[in-house]
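The block underneath contains the structure these notes are about, expressed in structure tokens.
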Amino acid sequence: MSIIGIDLGTTNSLVSCFINNECVIIPNALQEKLTPSVVSVDENGEILVGRAAKERLITHPHLTAAAFKRYMGTNKKYNLGKYTFTPTELSSFVLRSLKADAEAFLQKEITEAVISVPAYFNDQQRRATKQAGEMAGLKVERLINEPTAAAVAYGLHQSDSERNFLVFDLGGGTFDVSILELFDDIMEVKAVAGDNYLGGEDFDQCLIDYFLKYHKLNKDMLDLKTFSALKKQAEGCKIALSGIDRHEMNCTINGQDYILRISNSEFETLAQDLLQKLKQPLQRAFRDSNTYTDDLDEIIMVGGATKMPIIRSFAAKYFGRLPLCSINPDEVVAYGAGVYAAMKERNESLKETVLTDVCPYTLGTEVATYNEFGEIVEGRFHPIIERNTILPCSRVERFYTMYDFQTVIRVGVYQGESRMVENNIKLGELEVHVPPELRGKSAVDVRYTYDINGILEVEVKSVSTGEVTRKVILKNECTLTEEEVEARLKELAEIKIYPRENARNRYLLAKGERLYEETLSDVRAQIAQALEHFEAVLDRQNREEIEAEAERLEKFLNRIEEWEK
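Under our numbering, the first residue of the sequence shown carries the number 1415, and numbering increases by one thereafter.
Listed below in structure tokens is the structure:
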């Protein structure tokens, strides 16, 4: 039995296997290595996947879906003719197509795969990916982070020397940064960071926006078919600019032809906001791993979007050297997934290497605290497993009752970086009974255990009675729908507490929240304490006290920011 490796991408997907001591990218029915991650329904109600489906993006946009990887782990629905699909179901069609290609190539049944995911995918997105594999008839015991797969593809795991390297992975819809260290046959991920909504698709949109602005057109003037045509022009222009310095976009809108010629230098100017967004994950990864650019032995470019000259120029300027690009960026993750699949089968030609991963997000629980005026403040996030903790790991914290004669403690399980639980993702909830005593007397031990595949088990034990409640966080039971998210945002927008509307105060709160998300451990706790104090002062609505406290908070945050640089 062969285990295949799959790169399930936003724009394109690939499948690979290890044959005769080398990894091979398996061609599809069109003898192409790249299968577009596009699904369409034809006039007979049959499902089309890949190149054929992509062609229908222009002709039948209402029957075709693309870039659905961006919505993995959500309840988004795609209505294609008489069918309604989730992103997971659409992904399963792509996986089923890749499985069929592998079976035709290898002349045997395939039942298991290693599937790559962005390092910054959260718990819901990872589970949705595994579920898509299962729906396609594939056993998916192991997901491999895309940057780790890239490192494996370059053979870094075969090296005998200690090395530090960074993987810069800009795909169609996601951006990942991973810093890894190789030592004693162990490839250890030191830090990951990223943006699940930044990729080549956004650079397409940048060109679309400029095209419309240049010709003084409004997006509302475009029907779905015309917009799809313009999007294809933008994608084609982006790809062309990877090989030539100037290209043109042309599109017929309401019977009139519009043309736009653009150069790489103009494209770079237009994309400045997107290029700046690349910096934040890079800075976070360096900060969390306590690594500097001079510490890196190699920089690896991964993902089709890194073919753009403006991206390679950005990377060269940022790192002060040319990154490694010897393997086709479109294929490198699939290649690494195939090698890892062979390692999982314990192929004798491959060196035994331990691959470690990290938790990409902080996992914690909801707590209530007392502010400096003795008032109970609820809805605060208490980290238990900090982001970039090496997996597998297990952490335990003790929590106490807040009220006299409290009989139940509810433990909300959250994932995210915000100080407020409402801004994080709720994964589940447990409750345990405790003896009715005075507040602070009864306690529970809350243990989070997170394994290498991203399976989270939460155990809550009453210290007094020994009663234990366990829960394995499964499925996407707590994912908010788009409607719920929109409703929640509207609710938050309506909350206006004077004098928080003061621009300076709002700026300081926002800056504090950002720094809280960017920092860890003791520094994070200090920021939380400072923000709690400032919020309490704001609630008193004493102008002089607020101004004095704002001065102190601003100086404190500036010191933190300078120290973290």
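In this text, a Cβ means the ideal position worked out from N, Cα and C, and glycines have one as well.
- Proximity winner among Val1455, Cys1437, Thr1424, relative to Thr1449 (alpha-carbon distances): Taking the first residue of the sequence shown as 1, we reach residue 1449 at position 35. Nearest of Val1455, Cys1437, Thr1424 to Thr1449, Cα basis: Thr1424.
- Item | For Met1757, three-class secondary structure by DSSP | Residue numbering aside, residue 1757 sits at position 343 when the sequence shown is read from its first letter. Note: Met1757 maps to helix in three-state DSSP.
- Item | beta strand (DSSP E) runs contained entirely in the stretch 1652 to 1737, provided each spans 3 or more residues | 1660 to 1667, 1670 to 1677, 1712 to 1716
- Message: Looking at the secondary structure, which residues open and close the alpha helix (DSSP H) in which Val1835 lies?
- Response: By one-based count along the sequence shown, residue 1835 stands at place 421. Note, Val1835: premise wrong, no alpha helix (DSSP H); not H, not E.
- Query: CA-CA distance, Gly1669 and Ala1480?
  - Reply: For this step, residue 1669 is matched to residue 255 along the sequence shown. For this step, residue 1480 is matched to residue 66 along the sequence shown. Approximately 27 Å, taken between the alpha carbons.
- Any chance the stretch 1440 to 1458 sits against the stretch 1638 to 1648, with 3 or more Cβ pairs inside 8 Å? no
- Item | Cα-Cα separation, Val1753 to Lys1522 | On the sequence shown, position 339 is the one that residue 1753 refers to. On the sequence shown, position 108 is the one that residue 1522 refers to. Rounded to the nearest angstrom, the two C-alpha atoms are 19 Å apart.
- Message: Going by DSSP, what residue range makes up the beta strand (DSSP E) through Met1396?
- Response: In the structure as shown, the chain begins at 1415 and stops at 1979. Residue 1396 is therefore absent and cannot be evaluated.
- Could you round the C-beta distance between Val1531 and Val1463 to whole angstroms and report it? I think they count as a contact, below 8 Å. Stepping through the sequence shown from its first residue, residue 1531 is reached at position 117. Stepping through the sequence shown from its first residue, residue 1463 is reached at position 49. Contact between Val1531 and Val1463 is ruled out by a C-beta separation of about 20 Å, above the 8 Å threshold.
- Query: According to DSSP, which residues form a beta bridge with Asn1742?
  - Reply: To locate residue 1742, count along the sequence shown from 1; it is residue 328. DSSP, once it has assigned bridges, lists no residue as partnering Asn1742.
- Span separating the alpha-carbon of Leu1934 from that of Thr1779: Along the sequence shown, read from residue 1 onward, the residue named residue 1934 stands at position 520. Along the sequence shown, read from residue 1 onward, the residue named residue 1779 stands at position 365. Distance between the alpha carbons of Leu1934 and Thr1779: 16 Å.
- In whole angstroms, what separates the C-alpha of Arg1884 from that of Leu1841? Here residue 1884 refers to the residue found at position 470 when the sequence shown is read from its first residue. Here residue 1841 refers to the residue found at position 427 when the sequence shown is read from its first residue. Arg1884 and Leu1841: Cα-Cα distance of roughly 14 Å.
- Message: I'd like the span of the beta strand (DSSP E) that includes Cys1773, first residue to last.
- Response: Counted from its first residue, the sequence shown places residue 1773 at position 359. Run containing Cys1773: none; DSSP gives neither H nor E here.
- Taking Asn1802 as the reference, which of Thr1500, Ala1942, Asn1704 has the closest Cα? Locating residue 1802 in the sequence shown gives position 388, where the first residue counts as 1. Selected option, being the one with the closest Cα: Asn1704.
- Tell me which same chain residues have a C-beta within less than 8 Å of the C-beta of Gly1926, skipping the five on either side of it? Stepping through the sequence shown from its first residue, residue 1926 is reached at position 512. Correct list, in chain order: Ile1941, Ala1944, Leu1945, Phe1948, Leu1967, Leu1971.
- Go ahead and label Gly1880 buried or exposed: buried means 16 or more other beta carbons lie within 10 angstroms of its beta carbon, across all protein chains shown. The count along the sequence shown starts at 1 and reaches residue 1880 at position 466. Under this definition Gly1880 is an exposed residue.
- What are the partner residues of His1796, as DSSP defines its beta bridges? What you label residue 1796 is simply residue 382 of the sequence shown in a count that begins at 1. Paired residues: Thr1779.
- Where Ser1808 and Ile1866 are concerned, what is the direct C-alpha to C-alpha distance, given to the nearest angstrom? Here residue 1808 corresponds to residue number 394 of the sequence shown, with the count starting at 1. Here residue 1866 corresponds to residue number 452 of the sequence shown, with the count starting at 1. Roughly 12 Å between the two C-alpha positions.
- Task: Check whether the Cβ atoms of Arg1698 and Glu1959 lie closer than 8 Å to each other.
- Result: The count along the sequence shown starts at 1 and reaches residue 1698 at position 284. The count along the sequence shown starts at 1 and reaches residue 1959 at position 545. It is not a contact, given that the beta carbons lie outside the stated cut-off.
- How do the stretch 1683 to 1692 and the stretch 1612 to 1632 stand: do at least 3 beta-carbon pairs fall below 8 Å, yes or no? yes
- Task: Taking Ile1593 as the reference, give the member of Val1886, Gly1587, Lys1544, Arg1577 with the closest Cα.
- Result: Numbered from 1 along the sequence shown, position 179 holds the residue referred to as residue 1593. Closest by C-alpha distance to Ile1593, out of Val1886, Gly1587, Lys1544, Arg1577, is Arg1577.
- Task: Taking only the alpha-carbon atoms, compute the straight-line gap between Gly1717 and Gly1613 and give it to the nearest angstrom.
- Result: Position 303 of the sequence shown, counted from the start, is the residue given in the question as residue 1717. Position 199 of the sequence shown, counted from the start, is the residue given in the question as residue 1613. Taking the straight line from one Cα to the other gives about 9 Å.
- Within the stretch 1444 to 1500, note down every full alpha helix (DSSP H) run reaching 4 residues or more, in order along the chain. 1465 to 1473
- Query: Is there contact between the stretch 1460 to 1479 and the stretch 1432 to 1451, where contact requires at least three CB pairs shorter than 8 Å?
  - Reply: Yes: at least three Cβ pairs fall under 8 Å.
- Query: Within this structure, are the beta carbons of Met1715 and Leu1655 separated by less than 8 Å?
  - Reply: Taking the first residue of the sequence shown as position 1, residue 1715 is located at position 301. Taking the first residue of the sequence shown as position 1, residue 1655 is located at position 241. No.
- Query: Out of Leu1689, Asp1537, Cys1431, Met1757, which has the shortest C-alpha to C-alpha gap to Asp1515?
  - Reply: Position 101 of the sequence shown, counted from the start, is the residue given in the question as residue 1515. Of the candidates Leu1689, Asp1537, Cys1431, Met1757, the one whose C-alpha sits nearest the C-alpha of Asp1515 is Cys1431.
- Query: Which residues in the same chain have their Cβ closer than 8 Å to the Cβ of Val1438, if we skip the five residues on either side of it in sequence?
  - Reply: As a position in the sequence shown, residue 1438 is number 24, starting the count at 1. Excluding sequence positions up to five before and after Val1438, its CB lies within less than 8 Å of the CB of Ser1430, Cys1431, Phe1432, Gly1752, all in the same chain and listed in chain order.
- Shortest alpha-carbon distance to Leu1777 belongs to which of Gly1419, Leu1428, Gly1487, Asp1537? As a position in the sequence shown, residue 1777 is number 363, starting the count at 1. Residue Asp1537 is the option with its Cα nearest to Leu1777.
- Message: Between the stretch 1846 to 1860 and the stretch 1816 to 1831, can you find at least three pairs of beta-carbon atoms closer than 8 Å?
- Response: yes
- Message: For Leu1631 and Tyr1672, I'd like the C-alpha separation in whole angstroms.
- Response: The residue given as residue 1631 occupies position 217 in the sequence shown. The residue given as residue 1672 occupies position 258 in the sequence shown. Distance between the alpha carbons of Leu1631 and Tyr1672 is about 10 Å.
- Secondary structure of Ile1960, DSSP reduced to three states: Residue numbering aside, residue 1960 sits at position 546 when the sequence shown is read from its first letter. Here Ile1960 sits in helix by DSSP.
- Item | Close Cβ partners of Ile1472 (< 8 Å) along its chain, the five nearest in sequence each way excluded | Taking the sequence shown and counting its residues from 1, the one referred to as residue 1472 is at position 58. Closer than 8 Å at Cβ, skipping near neighbours: Lys1639, Ser1642, Ala1643, Lys1646.
- Could you check what DSSP says for Val1860 in three-state terms: helix, strand or coil? If you number the sequence shown from 1, residue 1860 lands on position 446. Strand at Val1860.
- Contact check, Glu1871 vs Val1886 under 8 Å by CB: the rounded distance? The residue labelled residue 1871 in the question sits at position 457 within the sequence shown. The residue labelled residue 1886 in the question sits at position 472 within the sequence shown. Indeed they touch by this definition, with Cβ atoms about 5 Å apart.
- Pair every Cβ in the stretch 1534 to 1551 with every Cβ in the stretch 1492 to 1512, then say whether three or more of these pairs are closer than 8 Å. yes
- Under the rule that 16 or more other beta-carbon atoms within 10 Å means buried, what is Tyr1497, buried or exposed? Reading the sequence shown from its first residue, position 83 is the one you call residue 1497. It counts as exposed.
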